[in-house]
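Read the structure below first, then the notes.
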Amino acid sequence: MSPIKAVIFDFIGTLTNVRGYSLEAAKLTTKMKLHKAVVNVGFKVDPKSFLEAYTQAHEKYRIIRYQKLVEVTNAIWISKALNNLGFKTEPDDLHIKIAVNAFFEDYLNSMELRPCAKKMLKKVSTNYKLGLVSNFTYAPVIYAGLRKLSINQFFNAVLVSDEVGWRKPHPKIFNEALRRLKVSAHETTYVGDSPLEDMKGAKATGMKTVFVPSQFYSLENLHESQQKPDMIVKNPCELCKNSLQE
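Pasting the structure below:
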């Protein structure tokens, strides 16, 4: 058996909580926040028209993202929605970027480290290379979150689906992480909270897997998924006490 040389972590859920997050509340308020951000940068469009166009664009790209595992950044479907309403925009337009930044501001501010997460990262980083792989549609939020929580210094490689172009559980994003860390799958342990995106994806690539329940995924979700991680820990504190070589 190859000795473990690297540990790759998921970010949101695994290392962080999102304070005050509610799936139902998010569904109710997200589109209105986005409409406000779009109007504030100069796109004068009524809420009903924008929300209908955005919902249509979002559904189109949601299918691509979750069935083909190809990541599509927020700016693309916002631009698509606006163009369907008669505007002429490109995803890299400055005004759209400003709107996306404003849209994610509250989410970024709600991120907080889970107990023991920083202590655990500091300990693990003394013995292993560390990587981070995150499914997120707007990479600047992840980089800003790492800086805000003061844990960016622990990682030798950070990959976000927005930049890589592929979403977990697609093997390409995992293999790219291994390439950047210069390790093989058999020399790597992956730690995450999603049974399918993290456990299924990493194990299919050949890595050892550690499941950490979170505010998003429970042990019940893991059992329902029928995924079998190599190790289950209750939280990052417990990960501090366990050997990743086992």
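Heads up: the sequence shown at position 152 corresponds to 158 in my numbering, and the numbers run straight through without jumps. Using N, Cα and C, we set each Cβ at its ideal position, and we do this for glycine too.
With a 10 Å radius around its C-beta and 16 neighbouring C-beta atoms as the bar for buried, classify Leu165 as buried or exposed. buried
Helix, strand or coil, according to DSSP, for Lys74 in the structure here? coil
Neighbour-count burial assignment, Tyr196, 16 or more Cβ in a 10 Å radius: buried
Spatial distance of Leu184 from Asp52 (CA atoms): 46 Å
Measuring straight from C-alpha to C-alpha, what distance separates Thr61 and Lys37? Computed Cα separation, rounded: 9 Å.
Give a yes or no on whether the C-beta atoms belonging to Arg186 and Leu75 are separated by under 7 Å. No.
Would a C-beta distance cut-off of 7 Å place Leu257 and Pro177 closer than the cut-off? Lying before the first or after the last residue shown, residue 257 is absent from the chain, which here runs from 7 to 252.
For Ser231, tell me which candidate among Gly207, Cys243, Lys240, Leu245 has the shortest Cα-Cα distance. Gly207
From the DSSP output, which residues share a beta bridge with Thr22? Ile18, Leu119
Alpha-carbon to alpha-carbon, Ser8 and Asn107: 43 Å
Just grab the DSSP bridge partners of Thr215 for me. BP columns for Thr215 point to Tyr196.
In three-state DSSP terms, what is Glu30? With a pLDDT of 49 at Glu30, under the threshold of 50, the predicted position of this residue should be treated as unreliable, and no value is reported.
Tell me which residues share the same chain as Val130 and place their Cβ nearer than 6 Å to its Cβ, disregarding the 5 neighbours each side in the sequence. Once the five neighbours on either side are set aside, the close Cβ partners of Val130 are Val13.
Can you round the beta-carbon distance between Gly19 and Phe222 to whole angstroms, since I take them to be within the 8 Å contact cut? 5 Å
Can you name the residues that DSSP bridges to Lys42? None, per the DSSP bridge assignment.
Could you give the C-beta distance for Ala43 and Ala105, rounded to a whole number, given that I count them as a contact under 8 Å? Distance from Ala43 to Ala105 at the Cβ level is roughly 4 Å; contact confirmed, criterion being Cβ atoms closer than 8 Å.
Could you pull the start and end residues of the alpha helix (DSSP H) that Val147 belongs to? 145 to 154
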